[in-house]
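To convert, take the position in the sequence shown, counting from 1, and add 420; that gives our numbering.
Even for Gly, the Cβ is constructed at its ideal location relative to N, Cα and C.
None of these values were measured; they are calculated from a predicted model.
In what follows, a structure is listed as C-alpha cells, so that the remarks can point back to it.
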Amino acid sequence: MLKQEINELLTETGAGTPMGELFRQYWIPALLAEELPENDSPPVRVKLLSERLIAFRDSQGHYGLIDEFCAHRGVSLWFGNVYDGGLRCSYHGWKYNVTGQCVDVPSEPPGSRLCSKIKLKSYPLVKVGGILWTYMGVPESQPELPQFEFVRVPPEQCHTSKRWQESNWLQALEGGIDSSHVSWLHSDGLKNDPLFKGAQGNKYNVSDMRPFFEVAQADAGLFIGARRNAEEDHYYWRITPWVMPSFTLIPPRGDHPVHGHFWVPIDDANCWVFTWDYHSTRPLTEGELQAMKDGHGVHNEYEPGTWRPLQNKDNDYLMDREAQRRGDTFSGVRGIAMQDASLQESMGPIVDRTQEKLVSTDAGIIQARKQLENAVKELRDQGTTPPGVNPEHHKVRSAAVVLPKDQPFIEGASDALTVIPGVKHASV
Ligand code: FES
Ligand SMILES: [Fe+2]
C-alpha cells in the first residue's frame, strides 16, 4: 500500500514533476529504428513523458526529435515533408533541421534573418541496436549511450517490437518484476508457446505454485529471485534484474532467446512497452523470428500505424470463456503479452495503490517503489544523479539456475548476472 501522495509522486512524469525529472536523467527508448527506415522517411509522431514530439531522419541520415508543432501558427509537423536536409511545414513551408533550428521562412525577403531567431525544442535521437534513444534532460548532464546487452549484440541476435499499453508506466513495470503470476496467468504459455516451451525449468514452474521471493540489491536496481523446489537439496531460481528506471529482463528458459522490456511513459495514462528477444551468443533462427513477428513469446499482433494491439479493451482482448473453462488459458486471453496488458489495463489508468493488500510475493515491487521514491527525492532535493544513468549499470543479465538449497542466489548466480560478451547466459 502507498499513500496517495507517493502514488502521484511515482506515476506522474510530465515536465516539472519529480518523476518526470528522474526519467529525464536517462537515455530512454523513443521509437523503433525501423520506423525511420531510410533518409527522408516520413516523420513520425512520438509522445513521451507527456510531450508531443516529431521524429525524423534527414537527407544525410541524421535523426532528430523536435517539438511536434510549427513555431509559425502551431500546426502539426507530422503533415510536413522531409527532403533536402530538413522538415518543411505543410502550411506555409517553414523548414526545420534535426536540431529544431528554423532554416527557411520562404515568405521573408532575401537577406531576412528572421529564421535564425526561431528554434523549436529538440532532443538528441541516436540509434543503438534496433532502437532510437532520446535524452530529454539538460544538455550538460547528457550521459554516455546505453550499454544494455540486447542493443550491443550483433543485429541478427536480437529482435525488438513495441506496443501501446493503455495504463500508467508503473503498473506495467510492476507486472514485469512480479514473476509470481507466471505459474497462473501464463501457465498455458509455458506448455505451448514456441518461445517458452520445452525447457527443463518449466516443470519446476508449474509444479511449485508457491514461489518464495528474495530480493537482492543491484548497483542500479534489484535482482529479484523467485525460488521454487527442484530435485532434492536444490532450488530452481529465476532471477529478474530491474535497472532503474524501467528496464527488466525475463529469466531465460532452455536455449530460447531472452525476453525483456523497457516501459516508457507516453503520458500518465499510457505507456510504450518496448519488447525484445535476444540471444547472447547465437543468431535468432528463422523460426524464432517468425514466432516473434506472429505475436508469440512476449510480442503481440498490432494495428499497423498505431501500435495498438489487435486484442485491446474495446474488444475485451478477444477473451474466450470456453478456452478459459477448458483450461486452455487461465484467464481466457490468448498470448503472454496480452494476458499481462489486459489485466494491467483493467486496473484503470493509474491503479489506486492506497487500497491494495500486498503479500510476501510482492517483495520486489515494494523494494522497487522504495528505491524509486528515494531516487526521486534525492534528485529533487539534492540534485543527486540517480543509479542507472551510468551505462556500466546496464551490463546485467537475467538467469535461471538450479542451486544447492544452502546457497544464497546472489552468491551462487553472481557470474550469471553479469554480461560476459561471448559467454552464453545461464539457463535451465
Ligand atoms: S504553420 Fe507552419 S509554416 Fe505556417
Ligand atoms: Fe506476465
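Inter-residue spacing [alpha-carbon to alpha-carbon] between residue i and residue j
i	j	result
Ala-865	Leu-468	Because the chain here runs from 421 to 848, residue 865 falls outside it and cannot be looked at.
Phe-829	Val-779	21 Å
Trp-514	Val-571	36 Å
Trp-498	Pro-526	19 Å
Pro-563	Gly-808	10 Å
Ile-659	Gly-520	43 Å
Ser-587	Asp-653	42 Å
Val-472	Ala-833	Just to set this straight, residue 472 is Arg in the shown sequence, not Val. Their backbone Cα atoms lie some 43 Å apart in a straight line.
Pro-672	Lys-537	53 Å
Gln-825	Tyr-656	A small correction: the amino acid at residue 825 is Lys; Gln does not occupy that position in the sequence shown. Between Lys-825 and Tyr-656, the C-alpha separation is close to 9 Å.
Thr-437	Pro-530	44 Å
Trp-447	Gly-440	13 Å
Cys-605	Lys-844	Reading the sequence as shown, one finds Leu at residue 605 and not Cys. Straight-line Cα distance between these residues: approximately 29 Å.
Arg-773	Asn-427	7 Å
Thr-705	Gly-842	18 Å
Gln-585	Ala-711	21 Å
Ile-851	Met-664	The displayed coordinates of the chain run from 421 to 848. Any statement about residue 851 would go beyond what the structure contains.
Cys-509	Tyr-516	8 Å
Val-518	Leu-456	13 Å
Glu-651	Ser-627	12 Å
Ala-836	Pro-811	19 Å
Val-523	Tyr-511	16 Å
Three-state class that DSSP yields for residue i in the structure shown
i	result
Pro-530	coil
Gln-585	strand
Asp-714	coil
Ser-599	helix
Ser-561	helix
Glu-432	coil
Trp-662	strand
Pro-811	helix
Phe-443	helix
Ser-834	coil
Thr-805	coil
Val-684	strand
Asn-501	strand
Glu-798	helix
Trp-657	strand
Gln-577	helix
Arg-477	strand
Ser-627	helix
Phe-632	strand
Lys-515	strand
Thr-554	strand
Gly-566	This sequence places Pro at residue 566; Gly is not what is there. It is coil, neither helix nor strand.
Pro-693	One detail in the question is off: residue 693 reads as Val in this sequence, not Pro. Three-state result, Val-693: strand.
Gly-520	coil
Contact set for residue i: own chain, Cβ-Cβ below 7 Å, skip 5 residues either direction
i	result
Asp-613	His-716, Gly-717 and Ile-756
Phe-632	Arg-647
Arg-465	Ile-474, Glu-488 and Trp-498
Asn-720	Arg-583, Pro-729, Gly-755, Ala-757 and Met-758
Glu-723	Leu-730
Ala-795	Leu-442, Met-664, Pro-806 and Pro-807
Leu-709	His-579
Closer than 6 Å: residue i CB and nearest ligand 4 heavy atom
i	result
Val-523	Although ligand 4 was asked about, the structure shown includes only ligand 1 and ligand 2 as ligands.
Proximity below 7 Å, CB of residue i to CB of residue j
i	j	result
Trp-683	Ala-783	no
Val-548	Pro-566	yes
His-681	Thr-668	yes
Glu-634	Gly-645	yes
Pro-661	Ser-818	yes
Trp-696	Thr-580	yes
Met-421	Glu-776	yes
Gly-550	Ala-453	yes
Gly-494	Asp-760	no
Ser-603	Met-629	yes
Phe-750	Ser-607	yes
Val-839	Val-822	no
Ile-670	His-679	yes
Ser-532	Gly-505	no
Tyr-698	Gln-802	no
His-814	Phe-568	yes
Neighbourhood of residue i by C-beta distance below 6 Å, restricted to the same chain and skipping five residues each side
i	result
Asp-740	Gly-752
Thr-554	Ala-450, Leu-485, Tyr-543 and Leu-545
Glu-765	Glu-586, Ser-587 and Lys-733
Gly-609	Phe-616 and Ile-756
Ser-461	Arg-477
Ala-636	Phe-643 and Ile-830
Same chain only: Cβ atoms within 8 Å of residue i, ignoring 5 sequence neighbours per side
i	result
Pro-463	Ile-474, Ala-475, Phe-476, Leu-497, Trp-498, Gly-500, Val-502 and Leu-507
Ser-561	Gln-445 and Thr-805
Asp-688	Thr-431, Glu-432, Thr-433, Gly-434, Ser-470, Asn-588, Pro-769 and Ile-770
With contact counted as at least three CB pairs below 8 Å, one residue from each stretch, are the segment 530-544 and the segment 485-497 in contact?
yes
Is there contact here, the segment 783-801 with the segment 614-621, by at least three beta-carbon pairs under 8 Å?
no
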